[in-house]
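**Q** Residue numbers (the working numbering), protein chains in the order written: chain A, 738 to 1061; chain B, 198 to 531.
Quick reminder that beta carbons are idealized off the backbone N, C-alpha and C, glycines included.
Since the structure is predicted, the reported quantities are computational estimates derived from the model, not experimental observations.
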Amino acid sequence: MAELTLLEAVNDCFHTELERDESVIVMGEDVGRAGGVFRATAGLRDRFGPDRCVDTPLAEAGILGTAVGLCMAGWRPVCEMQYDAFSYPCLDQLITHVGRYRWRTGGAMAFPLTIRMPYGGGVRAPELHDDSPETYYVHTPGVKVAIPSTAADAKGLLAAAIRDPDPVVVLEPKLHYRTLRGHVPEGEYVVPLGRARLAREGSDLTIVAYGSMVPLAERAADELAQEASVEVLDVRTLKPLDEEALLASAGKTGRVVIVQEAPRTCGYAAELAAILAEKAMLDLRGPVLRVTGYDVPYPYWQIEDAYMPSVARVLDAARKLLEF
Amino acid sequence: MTSVETGASVALTQLYLTMARIRAFEAKAMDLFAEKYIRGSVHPYTGEEAVAVGVCAALRPEDYITSTHRGHGHCIAKGLELRPMMAEITGRATGYCRGRGGSMHITAMRHGMLGADAIVAGSLAMAAGAAYGLQLQGKDAVVVAFFGDGGAQQGIFHEAANLAAVLDAPVIFVCENNQWAISTPISCAIRIENIADRAAGYGFPGEVVDGNDVLAVRDVAARAVERARRGEGPTLIEAKTYRITPHSAATPTDNRAPDELSYWRERDPIVRFGRELVEAGHASPERLEELDRQAGEEVEDAAEWALASPYPDAAAAEEDVYAPADWLTPGRLA
């Protein structure tokens, strides 16, 4: 069991999976010679050759479209989108092809491709380097979406995505790429898609979060320790959602606060709240509350802290709910 | 049989028959649309038959194509069967895609048909990727990506062409320049004479060919295919042609000048090739009539078979969005 940063865990996963399966190809901008702008793919080109770790032109739609064709030829491509917002051009190919093709061909064709990207804010980056685009992906039929919050899950969920027979989008919290360390199993390690993680057990209130909001939720739980027993549920896979874990936790605590970094309207928290309204109404002791980003473009660095959900905002919501 | 056909004559009359099949298929599809057996739309390939037939004549069965919203002709030229094609277009469970794809999304891996697409230029990047993937496997198969003059204006055309170039992908981009994007003439869409000239910007050859001359198309395609097989990368072929029917069954209004239409009708690729076959002694006029009749009968049979097939069960719509849990097979092209 090694102690790795989240980023090192991603890199470890790549080395393991490319070694394990010769049909896995990594492609993207600066992934080869540079090893990725964040170094997630470091060492792959040297170890596996330029045909297994392909530096592409700057063409996100072209990269993903090419990956669709590579799947047709029997490969398992893993595409890196250099930043969250750089992935928007690839939505063209994702929505019109990636999510539909298996269905449209009556299951005759498979698209075992992975799209991964660093996402989210809090790192003083310029605009269009801080977005949380998960909803666009979750909303697309035929696509699965995973977001790790720990180093071990960064490795295990990416491995699951690479091995999965369907297209999977993996968003990695860049805020914690190098600031978060954890024990990561060595060698092959897979965290199955579709299973949430109970980050902390509690009995009075559940904070539901994913990605970079999980450590924040845990800090909020710490601060509430004298007032309430707080459970933290790490969603991990947004699609397919571990609905059972969500409903079990809501059933246990009766109070749910959902934390999401993305803009508020139609964000993933809204989907979770809707599921709770439909299926957990009689378990709930108060309204489901959301702590989210705002409906504005992700702001420039000098005011980004006001945008990002904070521990204080989570505490406000939790106390409101506990007093309801 | 009115004359003894030599080997060469057989091959040439086969090209004629395939073009006649496409012509008859599209006429039948338009009828079925009018009778509401086909919903949505049909984009007839009428007048452009020489492009698909000429290009596919230069391919082997193990080669692949991608297609467009105007894709029936590509399918037939690549050897797809008329019955499951017609079934797909009429939305039947016996269609190539179980009735889920319809007219614009026929896919048939066993015939090397990677897919047609309603999104203009939608399959260009995947064609480049499939070609690159085949090459990485050490195969010498090629991929032909059919698209139109409209598709050449999409951004993904640029990305796909450039990616194919840098990856040395064995892909042939075949631009069917039929000169109109529904109601917008090509002169309003580009400021150059030949779309093929754009190939120079990607560092691979571009060739212009008379898209209504099936043998000329076959020859230029054969050169591009050989180039791709040798590992020398992509070629852009621009076939100048014309659709002599309106854009689609659902958009029957046509703002093109009658003079222009009659100019192109006189250059009908099937009539023209038929005349050449007769003049060269490869077939008699009677033989061509026989082939026309055969094509018509095959299409009628396909339509009858399709209309006798069941519609898919709505409850099955949830199948195949995702792979079943035990599905671990990668793509099927390999």
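(1) Work out the CA separation of G931 of chain A and F370 of chain B for me, nearest whole Å.
(2) If I measure Cβ to Cβ from S320 of chain B and keep anything under 8 Å in the same chain, skipping five residues before and after, which residues do I get?
(3) C790 of chain A: buried (16+ other C-beta within 10 angstroms of its C-beta) or exposed?
(4) Just to check my reading of the structure: T851 of chain A and V815 of chain A have Cβ atoms closer than 8 Å, yes? What is that Cβ distance to the nearest angstrom?
(5) For the beta strand (DSSP E) containing L311 of chain B, list its first residue and its last residue.
(6) Name the two residues that bound the continuous beta strand (DSSP E) containing H834 of chain A.
(7) Give the straight-line distance between the Cα atoms of E457 of chain B and E463 of chain B, rounded to the nearest whole angstrom.
(8) At the level of alpha carbons, what is the spacing between G270 of chain B and L256 of chain B?
(9) Does T526 of chain B come within less than 8 Å of chain A when only Cβ atoms are used?
(10) Does any residue of chain B bring its CB to less than 8 Å from the CB of H1062 of chain A?
(11) Taking buried to mean at least 16 other C-beta atoms within 10 Å of its own C-beta, is L525 of chain B buried or exposed?
(12) Give every residue of the same chain whose Cβ lies closer than 7 Å to the Cβ of C1003 of chain A, excluding the five residues on either side of it in the sequence, and list them in chain order.
(13) Can you give me the C-alpha to C-alpha distance between S869 of chain A and L942 of chain A, rounded to a whole angstrom?
(14) For a cutoff of 8 Å on Cβ pairs, would you count A511 of chain B as touching chain A?
(15) If you measure between the beta carbons of L743 of chain A and H913 of chain A, is that distance less than 8 Å?
(16) Just checking: is the beta-carbon of L488 of chain B within a distance shorter than 8 Å of some beta-carbon in chain A?
(17) Are the C-beta of C294 of chain B and some C-beta of chain A separated by less than 8 Å?
(18) Could you spell out where the beta strand (DSSP E) holding F401 of chain B opens and where it closes?
(19) Is L212 of chain B close to chain A, meaning its C-beta is less than 8 Å from at least one C-beta of that chain?
(20) If the criterion is Cβ atoms closer than 8 Å, does the pair P878 of chain A and G836 of chain A meet it?
(21) So V368 of chain B and A324 of chain B are in contact, right, with Cβ under 8 Å, and what is the actual spacing, rounded?
(22) So which of A:V1051, A:L741 and A:R776 has the shortest CA-CA distance to E766 of chain A?
(23) Does D260 of chain B come within less than 8 Å of chain A when only Cβ atoms are used?
(24) With 8 Å as the threshold, decide whether the Cβ of V518 of chain B is near any Cβ in chain A.
(25) Taking DSSP as the reference, what is the three-state secondary structure of R784 of chain A?
(26) For chain B, find out if any of its Cβ atoms is closer than 8 Å to the Cβ of Q819 of chain A; answer yes or no.
(27) I'd like to know if P402 of chain B contacts chain A, where contact means its C-beta is closer than 8 Å to some C-beta of that chain.
(28) Is it true that the CB of I467 of chain B sits closer than 8 Å to the CB of R220 of chain B?
(29) So, is P527 of chain B buried or exposed, given that buried needs 16 or more other C-beta atoms within 10 angstroms?
(30) Helix, strand or coil: which one does DSSP assign to E445 of chain B?
(31) I need the DSSP call for W812 of chain A, collapsed to helix, strand or coil.
(32) Tell me the rounded alpha-carbon separation between H752 of chain A and G268 of chain B.
(33) If I measure Cβ to Cβ from A982 of chain A and keep anything under 8 Å in the same chain, skipping five residues before and after, which residues do I get?
(34) Taking the alpha carbon of Y1044 of chain A as the reference point, which residue from A:G802, A:I944, A:E968 and A:T1029 has its own alpha carbon closest?
(35) Just checking, does the segment 270-279 of chain B make contact with the segment 241-255 of chain B on the three C-beta pairs under 8 Å criterion?
(36) Using the Cα positions of A146 of chain B and P863 of chain A, report the straight-line distance between them to the nearest angstrom.
**A** Reading it off the structure:
(1) Within the second sequence, residue 370 of chain B is the residue found at index 173, counting from 1. Within the first sequence, residue 931 of chain A is the residue found at index 194, counting from 1. Cα-Cα distance, rounded: 41 Å.
(2) Looking up residue 320 of chain B in the second sequence gives position 123. So the list reads T263, S264, T265, L311, G312, A313, D314, A342 and F344, once near-sequence residues are dropped.
(3) Stepping through the first sequence from its first residue, residue 790 of chain A is reached at position 53. Buried is the call here.
(4) Position 114 of the first sequence, counting from 1, holds the residue named residue 851 of chain A. Position 78 of the first sequence, counting from 1, holds the residue named residue 815 of chain A. Yes, T851 of chain A and V815 of chain A are in contact; Cβ-Cβ is about 4 Å, under 8 Å.
(5) Position 114 of the second sequence, counted from the first residue, corresponds to residue 311 of chain B. Taken as a continuous stretch (DSSP letters only), the beta strand (DSSP E) holding L311 of chain B covers M310 to G312.
(6) Indexing the first sequence from 1 puts residue 834 of chain A at position 97. No beta strand (DSSP E) contains H834 of chain A, which DSSP labels as neither H nor E.
(7) What you label residue 457 of chain B is simply residue 260 of the second sequence in a count that begins at 1. What you label residue 463 of chain B is simply residue 266 of the second sequence in a count that begins at 1. Distance between the alpha carbons of E457 of chain B and E463 of chain B: 10 Å.
(8) Sequence index remark: in the second sequence, residue 270 of chain B carries index 73 (1-based). Sequence index remark: in the second sequence, residue 256 of chain B carries index 59 (1-based). Distance between the alpha carbons of G270 of chain B and L256 of chain B is about 15 Å.
(9) If you number the second sequence from 1, residue 526 of chain B lands on position 329. Bear in mind that a pLDDT of 45 at T526 of chain B, under 50, signals an unreliable position, so the model cannot answer this.
(10) The structure shown does not extend to residue 1062 of chain A, since chain A is modelled only from 738 to 1061, so the question has no answer here.
(11) Residue numbering aside, residue 525 of chain B sits at position 328 when the second sequence is read from its first letter. At L525 of chain B, the pLDDT of 48 sits below 50, so the modelled position is not reliable; the number obtained from the coordinates is stated separately. Label assigned to L525 of chain B: exposed.
(12) Taking the first sequence and counting its residues from 1, one reaches residue 1003 of chain A at position 266. Closer than 7 Å at the Cβ level, and outside the excluded window around C1003 of chain A, lie T872.
(13) Counting from one through the first sequence, the residue named residue 869 of chain A turns up at place 132. Counting from one through the first sequence, the residue named residue 942 of chain A turns up at place 205. The straight-line gap from Cα to Cα measures roughly 26 Å.
(14) Position 314 of the second sequence, counted from the start, is the residue given in the question as residue 511 of chain B. It does not: the Cβ of A511 of chain B has no partner Cβ on chain A nearer than 8 Å.
(15) The residue you call residue 743 of chain A lines up with position 6 of the first sequence. The residue you call residue 913 of chain A lines up with position 176 of the first sequence. Yes, Cβ-Cβ distance for L743 of chain A and H913 of chain A is below 8 Å.
(16) Numbered from 1 along the second sequence, position 291 holds the residue referred to as residue 488 of chain B. No - not a single Cβ of chain A is within 8 Å of the one on L488 of chain B.
(17) The sequence position of residue 294 of chain B within the second sequence is 97, counting from 1. Yes - at least one Cβ of chain A is within 8 Å of the one on C294 of chain B.
(18) The sequence position of residue 401 of chain B within the second sequence is 204, counting from 1. Neither: F401 of chain B is in no beta strand (DSSP E) and is coded neither H nor E.
(19) Looking up residue 212 of chain B in the second sequence gives position 15. By this cut-off, L212 of chain B is not an interface position.
(20) Here residue 878 of chain A refers to the residue found at position 141 when the first sequence is read from its first residue. Here residue 836 of chain A refers to the residue found at position 99 when the first sequence is read from its first residue. Yes, the Cβ-Cβ distance between P878 of chain A and G836 of chain A is below 8 Å.
(21) By 1-based counting over the second sequence, the position of residue 368 of chain B is 171. By 1-based counting over the second sequence, the position of residue 324 of chain B is 127. Sure, about 5 Å apart at Cβ, within 8 Å.
(22) If you number the first sequence from 1, residue 766 of chain A lands on position 29. Among A:V1051, A:L741 and A:R776, the Cα nearest to that of E766 of chain A is on A:R776.
(23) Against the second sequence, residue 260 of chain B aligns to sequence position 63. For D260 of chain B, the answer is no, since every Cβ of chain A falls outside 8 Å of its Cβ.
(24) Residue mapping note: residue 518 of chain B aligns to position 321 of the second sequence, counting from 1. Answer yes: the Cβ-Cβ gap between V518 of chain B and chain A drops below 8 Å somewhere.
(25) Here residue 784 of chain A refers to the residue found at position 47 when the first sequence is read from its first residue. Three-state result, R784 of chain A: helix.
(26) Position 82 of the first sequence, counted from the first residue, corresponds to residue 819 of chain A. By this cut-off, Q819 of chain A is not an interface position.
(27) What you label residue 402 of chain B is simply residue 205 of the second sequence in a count that begins at 1. With 8 Å as the cut-off, P402 of chain B does not count as an interface residue toward chain A.
(28) For this step, residue 220 of chain B is matched to residue 23 along the second sequence. For this step, residue 467 of chain B is matched to residue 270 along the second sequence. Cβ distance < 8 Å, so R220 of chain B and I467 of chain B count as in contact.
(29) As a position in the second sequence, residue 527 of chain B is number 330, starting the count at 1. Unreliable positioning characterises P527 of chain B in this predicted model, as indicated by a pLDDT of 44, which lies under 50. The coordinate reading is nonetheless provided below. Under this definition P527 of chain B is a buried residue.
(30) As a working mapping, residue 445 of chain B is identified with position 248 in the second sequence. The amino acid occupying residue 445 of chain B in the given sequence is Ser; Glu does not appear at that position. Note: S445 of chain B maps to strand in three-state DSSP.
(31) For the purposes of this step, residue 812 of chain A is identified with residue 75 of the first sequence, where counting begins at 1. Three-state result, W812 of chain A: coil.
(32) Along the first sequence, read from residue 1 onward, the residue named residue 752 of chain A stands at position 15. Along the second sequence, read from residue 1 onward, the residue named residue 268 of chain B stands at position 71. Distance between the alpha carbons of H752 of chain A and G268 of chain B: 42 Å.
(33) Here residue 982 of chain A refers to the residue found at position 245 of the first sequence. Here the set comprises R932, A933, L935 and L970.
(34) For this step, residue 1044 of chain A is matched to residue 307 along the first sequence. Ranking the options by Cα distance to Y1044 of chain A, first place goes to A:T1029.
(35) yes
(36) Any question about residue 146 of chain B goes unanswered here, given that chain B covers just 198 to 531.
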